[in-house]
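*Asks:* Using the numbering used here, you'd call the opening residue of the sequence shown number 25 and step up by one each time.
Quick one: the structure is below, questions incoming.
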Amino acid sequence: MTRYRLDRAHAMLSIGVYLLVAAVAVLVAFWSAQFGTWGRVVAIVGGVVVALALVLSLRLALRPPIVLTLAEQGYQGRVRAEKRRFEGRWKDVRDVQLTSRELRITTVTNEEQVFPLQTVDARERVAMIREVYDRLNTAHGYTRFTFE
């Protein structure tokens with residue numbers, strides 16, 4: 025089983041948003057602390073928001089989420105833009121189309137699953153595509169022709 029994680033460039037966008045939220049929360053916390061009891065409550069909530077934003081950004085920086093898993097029997101993936109998971113068995117794949125931007129898998133039920141290639145690290149894309157084709161060949165019983 026091979027797992028492919030979100031590219032660091034995409035993760036950095038989310039980390040930047042988390043850090044902006046943390047910065048605004050710090051600003052609001054320091055500004056509201058001067059307004060008595062409710063100001064202190066807002067400052068504490070702001071501190072919690074800062075801590076949560078920093079923890080989430082650190083988690084994303086150290087271990088990006090898995091976007092595609094390739095196993096012996098099938099595959100499963102997650103596309104953030106569509107907010108849904110897709111999965112299937114290699115034997116149920118009817119067609120695979122590869123463009124410079126996406127891997128498009130068509131199943132025997134005519135379901136089309138699109139996986140954007142830029143979500144995977146550029147250094148891992150070629151290996152991922154090769155693995156997809158190798159697993160498809162294995163599932164359908166295809167072997168390479170060799171001269172002997």
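The beta carbon of each residue, even a glycine, is placed where N, CA and C say it ideally should be.
Everything numeric in this text was worked out from a predicted model, so none of it was measured.
Could you pull out every unbroken beta strand (DSSP E) segment of at least 3 residues lying fully inside the segment 72 to 149, listed in chain order?
*Replies:* 90 to 94, 98 to 103, 108 to 113, 117 to 122, 126 to 131, 136 to 140
*Asks:* If you drop the 5 nearest sequence neighbours on each side, which residues of the same chain put their C-beta closer than 7 Å to that of A95?
*Replies:* The residue given as residue 95 occupies position 71 in the sequence shown. If we look at A95 and ignore the five residues flanking it on each side, its Cβ neighbours are M25.
*Asks:* Tell me where the alpha helix (DSSP H) around Y42 begins and ends.
*Replies:* Against the sequence shown, residue 42 aligns to sequence position 18. Note, Y42: alpha helix (DSSP H), 32 to 56.
*Asks:* Mind checking whether Q100 and D31 have CB atoms under 8 Å apart?
*Replies:* Here the question's residue 100 lines up with position 76 in the sequence shown. Here the question's residue 31 lines up with position 7 in the sequence shown. No, Cβ-Cβ distance for Q100 and D31 is not below 8 Å.
*Asks:* Comparing alpha-carbon positions, which option in K115, I68, V144 lies nearest G165?
*Replies:* Looking up residue 165 in the sequence shown gives position 141. The shortest Cα separation from G165 among K115, I68, V144 belongs to K115.
*Asks:* Going by DSSP, which residues form a beta bridge with T61?
*Replies:* Numbered from 1 along the sequence shown, position 37 holds the residue referred to as residue 61. Bridge partners of T61: none, in fact.
*Asks:* Comparing C-alpha positions only, which one of E136, V120, V41, V50 sits nearest to D173?
*Replies:* No information on residue 173 is available, as it lies outside the stretch 25 to 172 that the chain covers here.
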